[in-house]
Amino acid sequence: MSDRDRDYIGFGSLPLQYHRKSVKRGFEFTLMVVGESGLGKSTLINSLFLTDLYKNRIVPPVDERIEKTTRIEKKTLDIEEKSVRLRLNVIDTPGFGDAINGDESWRVVVDYIDEQFRQYFMDESGLNRKNIVDNRVHCCLYAVPPWGHSLRQMDIDVLRRLHKKVNLVIVITKADTLTTNEVKRLKANILRDIEANGIQLYKFPECDSDEDDDFKKQDEELKQSVPFAVIGSNTIFDIGGKKIRGRQYPWGIVDVENTTHSDFIKLRTMLIATHMQDLCDTTQDVHYENFRAQCISQIQHNAKTGKVRSDSIKTPTGEIVIPVVTETDKLLLQKEEEIRRMQEMLAQMQEKLKQQTIDV
Ligand code: GDP
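Just so you know, we're using UniProt numbering here: the sequence shown kicks off at 1 and counts up by one.
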């Protein structure tokens, strides 16, 4: 041991220990894509993760789609990069907005998000807390078509129902069909509607003041690009020995990754390289906490009023049904009572100690 090492007790290696443990355990991320059929969602996901997740999908003909209800389709992809393992779940919602009864579409999406929270809540209150599989939705990409002037009433209705449950990121798809000025105008109109309707999109955290200038610049550019206007493609071209993912037009090839053509790279950087952890943290600290607090207060209310338990209860908005977790109710209440008693004891002990110090 060198003299220099003697000056340290060793907690400087904590980040390293944490890093090793996290790498060993791997990471989990769940991304949901919402929007009508044909907007380019599957192509975008394939482009984002450099894989063909939807090659076997059969698109039903239009007359069948009108009858269709929204389904939930989950695909899991295990990716490894530089020995870091990521389990990526992609939740797609084929049939969303296709049915005549559009009202049903948002319900399926909201129910799915709630169900993952409920499952996590049950697992967390159960005995096997160590091996909980986290299926909560960490981010929702909401696809807006490029051909409108702004958000449609239907988009506003869906976004309003989602924004307090999940990190919302709006993407304008097929941005290659718009000119630069049209993109600018559409983005401004969407942001105006978002604000006017009190919708909360995923908020990028403030950059720390000690971050380097390049990072700050990149962060600012990301924030300025919202909502992201993106292009997707499943075709790879070989241009002078360089492979690019692009779309071919009579006048040339649009490179999906070219930042002057679209925000695709910014979206990918944000989702994967820079903000994945923050999306998970916000899901845990904000959205799941909201759900948990609602559950606990309803359980307490039921326990106090001695209400006969039903399988489900309504939230104050009357929109969402949160199933009551009857087996865990008692346990939770007991724990809370124990904590309250311990806090009381602690306060008494502190008071005694204070008194003794004054006497001395
Ligand atoms: P989904 O139903 O929303 O998953 O849409 P798909 O990804 O299946 O795409 C529907 C159609 O749009 C396909 O013909 C795609 O080739 C096309 N498409 C996908 N992305 C883009 C894009 O960025 N620009 C253009 N012009 N077409 C696209």
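Built from N, CA and C at the ideal position, the CB exists for glycine as well.
Beta bridge counterpart(s) of residue i as assigned by DSSP
| i | result |
| --- | --- |
| residue 76 | 89 |
| residue 237 | 244 |
Helix, strand or coil at residue i according to DSSP, with G and I counted as helix
| i | result |
| --- | --- |
| residue 200 | coil |
| residue 139 | strand |
| residue 221 | helix |
| residue 310 | The predicted position of residue 310 is uncertain, since its pLDDT is 46 and thus under 50; a value taken from the coordinates is nonetheless stated next. Here residue 310 sits in coil by DSSP. |
| residue 82 | coil |
| residue 249 | strand |
| residue 96 | coil |
| residue 281 | helix |
| residue 257 | coil |
| residue 44 | helix |
| residue 231 | coil |
| residue 28 | strand |
| residue 353 | helix |
| residue 385 | What the structure shows of the chain is the stretch from 1 to 360, and residue 385 is not part of that stretch, so it cannot be assessed. |
| residue 169 | strand |
| residue 33 | strand |
| residue 108 | helix |
| residue 144 | strand |
| residue 207 | coil |
| residue 51 | coil |
| residue 9 | coil |
| residue 118 | helix |
| residue 346 | helix |
| residue 266 | helix |
| residue 271 | helix |
| residue 226 | coil |
| residue 212 | coil |
| residue 22 | helix |
| residue 174 | coil |
| residue 362 | What the structure shows of the chain is the stretch from 1 to 360, and residue 362 is not part of that stretch, so it cannot be assessed. |
| residue 15 | helix |
Pair within 7 Å by beta-carbon distance, residue i and residue j
| i | j | result |
| --- | --- | --- |
| residue 48 | residue 245 | no |
| residue 32 | residue 207 | no |
| residue 30 | residue 109 | no |
| residue 87 | residue 28 | yes |
| residue 43 | residue 167 | no |
| residue 165 | residue 113 | yes |
| residue 71 | residue 94 | yes |
| residue 190 | residue 163 | no |
| residue 40 | residue 252 | no |
| residue 288 | residue 117 | yes |
| residue 96 | residue 83 | no |
| residue 236 | residue 242 | no |
Any non-hydrogen atom of ligand 3 closer than 6 Å to residue i Cβ
| i | result |
| --- | --- |
| residue 269 | As presented, the structure is devoid of ligand 3, carrying ligand 1 as its sole ligands. |
| said: If contact is defined by three or more beta carbon pairs under 8 Å, each pair taking one atom from either stretch, is the region 162 to 176 in contact with the region 141 to 148? | reply: Yes, since at least three Cβ pairs between the region 141 to 148 and the region 162 to 176 fall closer than 8 Å, the two stretches touch.
| said: Check whether the region 292 to 304 and the region 220 to 229 are in contact - that is, three or more C-beta pairs closer than 8 Å. | reply: Result no; under three Cβ-Cβ pairs closer than 8 Å.
| Counting Cβ pairs closer than 8 Å, one from the region 285 to 298 and one from the region 110 to 122, do we hit at least three? | Three or more beta-carbon pairs separated by less than 8 Å link the region 285 to 298 to the region 110 to 122, which places the two stretches in contact.
| message | I want to know whether the region 193 to 206 touches the region 148 to 164 - three or more CB-CB distances under 8 Å. | response | Contact between the region 193 to 206 and the region 148 to 164 is present, with at least three C-beta pairs closer than 8 Å.
| field | At least three beta-carbon pairs within less than 8 Å, the region 228 to 246 to the region 262 to 281 | value | For the pair of segments examined, the region 228 to 246 was found to touch the region 262 to 281: the number of CB pairs separated by less than 8 Å reaches three.
| said: When you compare the region 272 to 283 with the region 197 to 206, are there three or more beta-carbon pairs, one atom per stretch, that lie closer than 8 Å? | reply: Yes, the region 272 to 283 is in contact with the region 197 to 206.
| request: Check whether the region 90 to 99 touches the region 33 to 43, taking contact to mean three or more Cβ pairs, one atom from each stretch, closer than 8 Å. | output: Result yes; three or more Cβ-Cβ pairs closer than 8 Å.
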